[in-house]
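Participant: Numbering (our numbering), first residue to last: 3 to 333. All C-beta atoms, glycine included, are put in the ideal place defined by N, C-alpha and C. Submitted below is the structure of interest, expressed as structure tokens.
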Ligand code: TXA
Ligand code: MG
């Protein structure tokens, strides 16, 4: 099944991947599912096609993209000075939610890496993404398929909400599995450094390659540069996000905002099932990671002005959740 919506963006089901691959080959933009979030893909070797990614998203030109590949062996063509440790990470975590920064080869155009001499690479753990890369026969440059600054899309509907009419097509394969973007690790320098926390934790990585650095905030640099994307506000709903210490602070603030006439939404860790467009409950951190960006968009649709959420423990995927919450809360 495929159809063109009223803005001209085509919506493909997974059995139309071959047509989507043709669009990539001819320099077009195709949004596609990965296990983390939907990506906005273009031929990574075609600078004009990549430029259109920046244009469609309204993305600052100094924020580099991740190059998606479908075979580990392809990395030799696109990178240089590949270390043993980087190879070990690929063997262990690919396909999967880990983007690895390496010194890039001349094959990768400068626009992809925003002029840096390094580039981020990832082999996604999603069959549709892998099929699209294989059928196009090309590396695919893809940031998250949202308007720059908005929450990353975890469903094809979110992609269309932001980019309908600005991209050629989206492959709709339903909701993603993880819901938060990949862990980004810089393996281009002497000391491996995590630039963006994700589903794969620092502990899991250290089990494979030993000591690494974690650069959790822009500004607190070690000897590796932070991901350029970290200086931008990110993942933000239109509503103001407030992170609270505990329940009593949440209730107090909710009362204050409500008596000031504000529409307040809340994300709560409980297995209750109250139905309200202003409340969402989560069972555990994986569930929260999976739904967070969707709930931000739902609350915006409901007209919420403030979103309240209790801080989560910085352990496992909790690190990645707090990183996204802190970015969403910074204005
Ligand atoms: O899960 C994901 O990684 C998704 C899916 C589509 O693969 N992609 C994604 O891409 O989240 P994007 O562009 O939204 O985030 C990529 C991050 C940015 O913070 C960017 O600054 C950083 O990776 N990055 C990319 N190349 C880099 C480089 N050479 N050096 C430092 N940071 C880099
Ligand atoms: Mg993004």
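#1: Confirm the yes/no value for this check: CB of residue 200, any heavy atom of the ligand ADP, distance under 8 Å.
#2: On the criterion of 16 or more Cβ atoms from any shown chain inside 10 Å, does residue 32 qualify as buried, or is it exposed?
#3: Taking the alpha carbon of residue 193 as the reference point, which residue from 217, 257 and 178 has its own alpha carbon closest?
#4: If you measure from the CB of residue 103, is any heavy atom of the ligand TXA nearer than 8 Å?
#5: Can you name the residues that DSSP bridges to residue 70?
#6: Whole angstroms are fine: how far does the CA of residue 214 sit from the CA of residue 189?
#7: If we count Cβ pairs, one from each stretch, closer than 8 Å, do we get three or more for the region 165-176 versus the region 85-93?
#8: For the alpha helix (DSSP H) containing residue 94, name the first residue and the last one.
#9: According to DSSP, is residue 112 helix, strand or coil?
#10: Once you ignore the five residues that flank residue 30 on each side, which residues in its own chain have a CB closer than 6 Å to its CB?
#11: Under the criterion of a Cβ to heavy atom distance below 8 Å, does residue 115 qualify as lining the ligand MG?
#12: Taking residue 106 as part of the beta strand (DSSP E), name the residues at either end of that continuous run.
#13: Using DSSP with H/G/I as helix, E/B as strand and the rest coil, what is residue 315?
#14: Contact between the region 125-138 and the region 36-43: three or more CB pairs below 8 Å?
#15: Alpha carbon to alpha carbon, what distance is there between residue 262 and residue 56?
#16: Around the Cβ of residue 160, are there at least 16 other Cβ atoms within 10 angstroms (buried) or fewer (exposed)?
#17: Less than 9 Å between the C-beta atoms of residue 183 and residue 146, yes or no?
#18: Report yes if the C-beta of residue 65 is less than 8 Å from at least one heavy atom of the ligand TXA; otherwise report no.
#19: Given 8 Å as the limit, is there contact between the region 191-211 and the region 314-331, that is, 3 or more CB pairs closer than that?
#20: Along the beta strand (DSSP E) that carries residue 45, what are the first and last residues, could you check?
#21: Excluding five sequence neighbours on each side, which residues of the same chain lie with their C-beta closer than 7 Å to the C-beta of residue 247?
#22: Quick one: what does DSSP say residue 17 is sitting in, helix, strand or coil?
#23: The ligand MG and residue 141: does the residue's C-beta get closer than 8 Å to at least one heavy atom of that ligand?
#24: Let me know if residue 11 comes out buried or exposed under the rule of 16 or more other beta-carbons within 10 Å of its beta-carbon.
#25: Suppose you measure from the CA of residue 144 to the CA of residue 13; what does that come to, to the nearest Å?
#26: Would you check whether the ligand MG has a heavy atom nearer than 8 Å to the C-beta of residue 138?
#27: Say the cut is 8 Å; is the CB of residue 146 nearer than that to a heavy atom of the ligand MG?
Facilitator: According to the structure data:
#1: Among the ligands modelled here, namely the ligand TXA and the ligand MG, the ligand ADP does not occur.
#2: Here residue 32 refers to the residue found at position 30 of the chain shown. Counting Cβ neighbours within 10 Å, residue 32 comes out buried, since at least 16 surround it.
#3: On the chain shown, residue 193 is found 191 positions in, with the first residue counted as 1. For residue 193, the nearest C-alpha among the options comes from 217.
#4: Here residue 103 refers to the residue found at position 101 of the chain shown. Yes, the ligand TXA has a heavy atom inside 8 Å of this Cβ.
#5: Position 68 of the chain shown, counting from 1, holds the residue named residue 70. For residue 70, which the question treats as bridged, DSSP gives the partners 124 and 142.
#6: In the chain shown, residue 189 corresponds to position 187, counting from 1. In the chain shown, residue 214 corresponds to position 212, counting from 1. Computed Cα separation, rounded: 10 Å.
#7: no
#8: As a first step, residue 94 must be located in the chain shown, where it is residue number 92. Looking at the DSSP string, the run of the alpha helix (DSSP H) that includes residue 94 is 86-95.
#9: Your numbering for residue 112 matches position 110 in the chain shown. Coil at residue 112, not helix or strand.
#10: Translated into the one-based positions of the chain shown, residue 30 becomes position 28. The residues are 170.
#11: For the purposes of this step, residue 115 is identified with residue 113 of the chain shown, where counting begins at 1. No, the Cβ of residue 115 stays beyond 8 Å of every heavy atom of the ligand MG.
#12: As a working mapping, residue 106 is identified with position 104 in the chain shown. From DSSP, the beta strand (DSSP E) with residue 106 extends over 100-106.
#13: Here residue 315 refers to the residue found at position 313 when the chain shown is read from its first residue. Three-state DSSP puts residue 315 in coil, outside helix and strand.
#14: yes
#15: Position 54 of the chain shown, counting from 1, holds the residue named residue 56. Position 260 of the chain shown, counting from 1, holds the residue named residue 262. So the alpha carbons of these two residues sit roughly 40 Å apart.
#16: Here residue 160 is taken as the residue at index 158 of the chain shown, counted from 1. It counts as buried.
#17: Mapped onto the chain shown, residue 183 falls at position 181. Mapped onto the chain shown, residue 146 falls at position 144. Yes, they are a contact pair.
#18: The sequence position of residue 65 within the chain shown is 63, counting from 1. Flag set: Cβ of residue 65 near the ligand TXA.
#19: yes
#20: Against the chain shown, residue 45 aligns to sequence position 43. Taken as a continuous stretch (DSSP letters only), the beta strand (DSSP E) holding residue 45 covers 41-45.
#21: Taking the first residue of the chain shown as 1, we reach residue 247 at position 245. For residue 247, where only same-chain residues beyond five positions count, the Cβ hits under 7 Å are 313.
#22: Taking the chain shown and counting its residues from 1, the one referred to as residue 17 is at position 15. Helix.
#23: Walking along the chain shown from the start, residue 141 turns up at place 139. Not so, every heavy atom of the ligand MG lies at least 8 Å from the Cβ.
#24: By 1-based counting over the chain shown, the position of residue 11 is 9. It is buried - the Cβ of residue 11 has at least 16 other Cβ atoms within 10 Å.
#25: Residue numbering aside, residue 144 sits at position 142 when the chain shown is read from its first letter. Residue numbering aside, residue 13 sits at position 11 when the chain shown is read from its first letter. Taking the straight line from one Cα to the other gives about 18 Å.
#26: In the chain shown, residue 138 corresponds to position 136, counting from 1. False, no ligand heavy atom lies under 8 Å from that Cβ.
#27: If you number the chain shown from 1, residue 146 lands on position 144. At least one heavy atom of the ligand MG is nearer than 8 Å to the Cβ of residue 146, so yes.
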